[in-house]
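Protein chains in written order, with the working numbering: chain F, 14 to 127; chain W, 3 to 115. Glycine included, every Cβ here is placed at the ideal spot set by N, Cα and C. A short worksheet on the structure shown next.
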Amino acid sequence: LAKTTQPISMDSYEGQEVNITCSHNNIATNDYITWYQQFPSQGPRFIIQGYKTKVTNEVASLFIPADRKSSTLSLPRVSLSDTAVYYCLVGDKGRGSTLGRLYFGRGTQLTVWP
Amino acid sequence: GAVVSQHPSWVICKSGTSVKIECRSLDFQATTMFWYRQFPKQSLMLMATSNEGSKATYEQGVEKDKFLINHASLTLSTLTVTSAHPEDSSFYICSAGRRSEAFFGQGTRLTVV
């Protein structure tokens with residue numbers, strides 16, 4: 014499994030765009046990149062997943078350069094409620110039986126200030 | 003969306019006793035579920051894979067006799083922490099996969115006193 018490296022913490026203010034970059038130099042051809050969000054005393058929540066270029070959903074965008082050795086999670090106009098730990102995971106997308114067998118790195122603690 | 007539910011949300015037990023945590027997939031069947039443990043200020047650590055109708059698969063370093071896993075139906079997996087000690091106090095989280103997404107339970111806070 015490809016190892017990931019993220020900043021330990023980031024700070025932002027309400028209304029700003031936040032970009033969290035994750036390095037995964039050893040990503041394999043079959044690997045996807047998935048981001049999760051975790052609030053204190055809660056289970057992680059899926060945010061977004063991508064393989065290459067750009068993926069966008071209702072809460073975030075994921076930018077993946079051509080070499081796929083890094084990815085950037087972009088949160089537009091953050092609010093106080095976006096304060097959480099964000100995890101970047103890299104691995105085979107898997108089928109139903111393997112989804113959820115995930116190895117989490119340290120994650121990035123994002124703190125949004127008023 | 004798919005929901006995975008854990009029970010209880012928190013539990014306090016005395017040292018030496020056993021505690022059972024349930025993980026249910028509420029609107030889908032899960033032949034495989036996963037159990038994680040998370041200590042304060044740390045990341046999630048995969049403990050084991052729970053397989054419906056067969057033995058669980060444990061990650062290296064996780065004591066299978068300490069953490070008993072039973073996956074008796076397609077919607078229920080249980081984790082029993084046997085002879086709990088204060089060092090077992092942690093946040094336990096289960097997950098199950100459906101289509102292209104992994105869904106996590108809300109977690110169970112175990113405190114052993």
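On the CB-based measure, 16 or more other CB atoms within 10 Å of its CB, does residue i come out buried or exposed?
| i | result |
| --- | --- |
| Gln44/W | exposed |
| Asp90/W | buried |
| Ile2/W | As displayed, chain W neither begins before 3 nor continues past 115, which places residue 2/W out of reach and without an answer. |
| Thr18/F | exposed |
| Asp67/W | exposed |
| His87/W | exposed |
| Arg101/W | exposed |
| Trp126/F | exposed |
| Val6/W | buried |
| Asn11/W | The residue you asked about is not Asn; residue 11/W is Ser in the sequence shown. Under this definition Ser11/W is an exposed residue. |
| Gly104/F | buried |
| Thr69/F | exposed |
| Val114/W | buried |
Can you give the beta carbon distance from residue i to residue j, rounded, assuming they're within the 8 angstroms contact cut?
| i | j | result |
| --- | --- | --- |
| Thr152/W | Val13/W | Any answer about residue 152/W is impossible in this case: the structure gives chain W only from 3 up to 115. |
| Pro57/F | Tyr100/F | 7 angstroms |
| Gly107/W | Cys25/W | 6 angstroms |
| Tyr6/F | Tyr64/F | Only positions 14 to 127 of chain F appear in this structure, which leaves residue 6/F out of reach. |
| Val91/F | Gln51/F | Not a contact, Cβ separation roughly 16 angstroms. |
| Met35/W | Ser97/W | 7 angstroms |
| Leu76/W | Glu103/W | Actually they do not touch by this definition, with Cβ atoms about 18 angstroms apart. |
| Phe135/F | Lys67/F | Lying outside 14 to 127, the shown extent of chain F, residue 135/F is not represented and no answer is given. |
| Thr56/W | Ile71/W | For the sequence presented, residue 56/W should be read as Ser rather than Thr. No, Ser56/W and Ile71/W are not in contact; Cβ-Cβ is about 11 angstroms, not under 8 angstroms. |
| Pro53/F | Thr121/F | With a Cβ gap of about 15 angstroms, Pro53/F and Thr121/F do not count as contacting. |
Where the stretch 43-65 of chain W meets chain F: residues whose CB sits under 7 angstroms from a CB there = Here the close residues are Ser45, Leu46, Leu48, Thr51.
Identify every run of the beta strand (DSSP E) within the stretch 57-109 of chain F, keeping only runs that are complete inside it and at least 3 residues long; order them along the chain.
-> Here the runs fully enclosed are 58-63, 66-69, 74-77, 83-88, 97-105.
Three or more C-beta pairs below 8 angstroms linking the stretch 33-51 of chain F and the stretch 73-88 of chain F | Yes, they touch.
Interface residues of the stretch 98-114 of chain W facing chain F [CB-CB below 8 angstroms] | The residues in question are Ala98, Gly99, Arg100, Arg101, Ser102, Glu103, Ala104, Phe105, Phe106, Gly107, Gln108, Gly109, Arg111.
Going along the chain, which residues of the stretch 82-94 of chain W sit with their C-beta nearer than 9 angstroms to a C-beta in chain F?
-> In summary, the residues of the stretch 82-94 of chain W whose CB is separated from some CB of chain F by less than 9 angstroms are Phe93, in the order they occur in the chain.
Please name the residues in the stretch 46-65 of chain F whose beta-carbon is closer than 9 angstroms to at least one beta-carbon of chain W, in chain order.
-> Those residues of the stretch 46-65 of chain F that come within reach of chain W (Cβ to Cβ, closer than 9 angstroms) are Thr47, Tyr49, Gln51, Ser54, Gln55, Gly56, Pro57, Arg58, Phe59, Gln62.
Minimum length 3: unbroken beta strand (DSSP E) runs contained in the stretch 10-86 of chain W | With a minimum length of 3 residues, the continuous beta strand (DSSP E) runs that stay inside the stretch 10-86 of chain W are 12-15, 21-27, 34-40, 47-53, 69-75, 78-83.
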